DNA sequence: GGATACAATGAAAGTGCTTTCAAAAACCTT
DNA sequence: AAGGTTTTTGAAAGCACTTTCATTGTATCC
């Protein structure tokens, strides 16, 4: 047997001693071919394990739909948790989950220009990325059902959280705990590809509360650091090395808060007595570390996104839906 | 314009004043065509509402550009990290990443019976799951390139680690630290769907070292608990409630080790003075918590799997490759 | 026996794309 | 300004089938 290639209609024809025409006809209109010939062809088909490719594909495309998720390269636990939500509802339906990890803006551009046009996706979830109006328009024009997470567009469904409010919640909490010297760590200038600025809003929310209560937050107490562990630790060390170090640090992402906790341990600071820490996201690890943080229902946002998506795929006439997920402060041990 | 037919690439080409080649190229490798031309084509596409037929494309293409990953429903950080490895190499190629989360054995069976026949995948990675000989045969017969992680089959490429050796490493380490009363927590009876028993091997590795050194490990000090946080904590509490509590606990998964650490904190035990903890996996959080653990290069295993897969897709005549990834003990603060 | 009607088949021409290869154009060097 | 690269492009040759159309061999009728 000439193997390792998947058999084509040509192989079948040759083996059955007929032309490809006859094989094709046998497949599409069996009654138009002589029963003897038919049996010969059938035997050849079985022997070769032939499956008409186009048909398989068409069937595959119909029976199992595909939904795509565009996500910043998922190094961050928060994205993972959202994906988990997405997968959990998808695995109950018969949809495949296709992931498009975005590392650079080019990537995103590439996906966005080919996806709507290629039409081999039934729906799309775009996580934490700004998309420009032109791309949005193309999605809409091509009837690609899309749900945005952490970004908005009037004509596309979206799920957002109120980052400003989150910052406020943190501000109120730490003030109520009596803190007056406050440090902030966050990735204020996020990677260009994202083009969204949740961290800045969180900071502003914090600032608004502090101002209202006449608690200062000098420039020196605000450090911008990327999500990486090392950079975050460095930022924490700088903050704690200040002549008058903060008694609480608000890290705008849990992963960064974890880094702060690690520094605190290194320096032998008792948490929360000598240093309180508040995070943002409520990733899984936050619970393990007893980190006080803002829960933004990451799993839920993923689930919801897909549910909205599926309902819109089922009935494309539904208007876009805009959901604002509530935030709550989870008080644990670190603040 | 002859309309009422759905537009083809020819119509687009004509309208944009270029050849079909250029249109096709624009669709598949946008960066290889002049931006001006690109805009013209894009405009034509938009104007005509052109949609490339997936079927035709697959036909001409002879490959699908999709690689699939079958993974236990990815709630566990360790799977996530492997996926990260997978995605990192995939995003450099032009393959789509399709994820098949497995929740039940039925799921797996469904995937395994349709995937090879459907032929809409160029390659497959199967993580941490046993596949029976029949399914393996089907994959092989249909020429589906496959890489197994944490499971072996003589005719399929695979990536494994030596769990027994990992257990040994832990045993030697804790003995060298002077511990003589040892506790073990692990998911010894894993979910039926997995049908693989890495945890048992880890335990056996540990036991082999202990025996050799005449250190006892009574039944009561071995607790089986599923990966969930609550169950793991409960197991830890039981262990620590023993008349003679262990001075070190080896948790066969980092997530469980984190739960142990949490219990220790609850009980006010100093780590590692009063209770040492060793994990297994070296997930991201392990670093944040300074957990002493066995590193099994999760990211790397994912990367490697895809690299092997891609090389086999490129040249299907290559023989299956069996890789044994080395384990090392990472000594941090907890033991 | 000759004309007519079919049934069964294959050669070859699509189908809507991708890809290879080579030519043309634009850009650098020295 | 001559030569060498690189970038853009299109003609044409696939891909795995489906369809059209012409050819053959019979069966049927008068």
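Residue numbers (the numbering used here), protein chains in the order written: chain A, 14 to 348; chain B, 14 to 348. Heads up, the beta-carbon is just placed ideally off N, CA and C, and yes, glycines get one too. Just so it is clear, the structure is predicted and the values come from calculations on it, not from any experiment.
- Contiguous alpha helix (DSSP H) elements confined to the segment 29 to 115 of chain A occur at 33 to 41, 48 to 61, 66 to 76 and 90 to 103, taking only those with 4 or more residues.
- In this structure the segment 78 to 85 of chain B lies against the segment 112 to 120 of chain B, because at least three pairs of beta carbons, one per stretch, are closer than 8 Å.
- For residue 19 of chain B, the closest Cβ of chain A is not nearer than 9 Å.
- The three-state secondary structure of residue 186 of chain A, taken from DSSP, is helix.
- At least one beta carbon of chain A lies nearer than 9 Å to the beta carbon of residue 103 of chain B.
- If you ignore the 5 residues before and after residue 221 of chain B, its C-beta comes within less than 8 Å of the C-beta of 177, 180, 181 and 184, all in its own chain and listed in chain order.
- Within chain B, no residue has its beta carbon less than 9 Å from that of residue 169 of chain A; the closest one is some 18 Å off.
- Contact note: residue 284 of chain B does not reach chain A at a C-beta cutoff of 8 Å; the least C-beta distance is about 11 Å.
- Residue range 146 to 154 is occupied by the alpha helix (DSSP H) that includes residue 151 of chain A.
- Only 242 from the segment 226 to 259 of chain A bring a Cβ to less than 8 Å from some Cβ of chain B.
- DSSP places residue 345 of chain A outside both helix and strand once states are collapsed to three, so it counts as coil.
- Every alpha helix (DSSP H) of 4 residues or more that sits fully in the segment 158 to 237 of chain B is shown, in chain order, as 176 to 189 and 211 to 225.
- Residues of chain A with a Cβ closer than 9 Å to the Cβ of residue 86 of chain B are, in chain order, 97, 100, 101 and 104.
- Taking C-beta atoms under 8 Å as the contact rule, residue 346 of chain A and residue 297 of chain A fail to qualify, at a distance of about 16 Å.
- Only residues of its own chain outside the window of five on either side were considered, and among them 53, 54 and 57 have a CB closer than 6 Å to the CB of residue 29 of chain A, listed in chain order.
- At least 9 Å separates the beta-carbon of residue 233 of chain A from that of residue 248 of chain A.
- When only Cα atoms are considered, residue 20 of chain B and residue 66 of chain B end up about 10 Å apart.
- Residue contact with chain A for residue 322 of chain B: absent (no Cβ-Cβ distance below 9 Å to any residue of chain A).
- Between the segment 315 to 325 of chain A and the segment 280 to 288 of chain A, the count of C-beta pairs closer than 8 Å stays below three; the two stretches do not touch.
- In the three-state reduction of the DSSP assignment, residue 335 of chain B falls in the strand class.
- Spatial neighbours of residue 338 of chain A in its own chain (CB-CB distance under 8 Å, excluding positions within 5 residues in sequence) are listed in chain order as 172, 173, 174, 309, 310, 313, 314 and 317.
- Between residue 265 of chain B and residue 228 of chain B, the CB-CB gap reaches or exceeds 9 Å.
- In chain order, 59 and 62 make up the part of chain B whose C-beta sits under 8 Å from the C-beta of residue 154 of chain A.
- Along the segment 277 to 309 of chain A, the positions whose C-beta sits under 8 Å from a C-beta of chain B are 278, 297, 298, 300, 301, 302 and 303, read in chain order.
- By alpha-carbon distance to residue 70 of chain B, the top candidate from B/90, B/22 and B/43 is B/22.
- With a threshold of 9 Å between beta carbons, residue 121 of chain A makes no contact with chain B.
- Only residues of its own chain outside the window of five on either side were considered, and among them 77, 79, 80, 81, 111, 128 and 157 have a CB closer than 8 Å to the CB of residue 134 of chain B, listed in chain order.
- Between the alpha carbons of residue 215 of chain B and residue 251 of chain A lies a gap of roughly 42 Å.
- Look at residue 303 of chain A here: in three-state DSSP terms it is coil, with no helix or strand label.
- In this structure, DSSP gives residue 322 of chain A a helical state, which the three-state scheme calls helix.
- Per DSSP, the continuous beta strand (DSSP E) segment holding residue 289 of chain A begins and ends at 289 to 291.
- Counting only residues of its own chain and dropping the five nearest sequence neighbours on each side, residue 244 of chain B has a CB closer than 6 Å to the CB of 238.
- The beta carbon of residue 271 of chain A falls within 9 Å of a beta carbon belonging to chain B, placing the residue at that interface.
- Straight through space, the alpha carbons of residue 294 of chain A and residue 342 of chain A are spaced by roughly 10 Å.
- In terms of CA proximity to residue 150 of chain A, A/169 leads the group A/98, A/139, A/256 and A/169.
- Relative to the Cα of residue 165 of chain A, the nearest Cα in the group A/139, A/199 and A/305 belongs to A/139.
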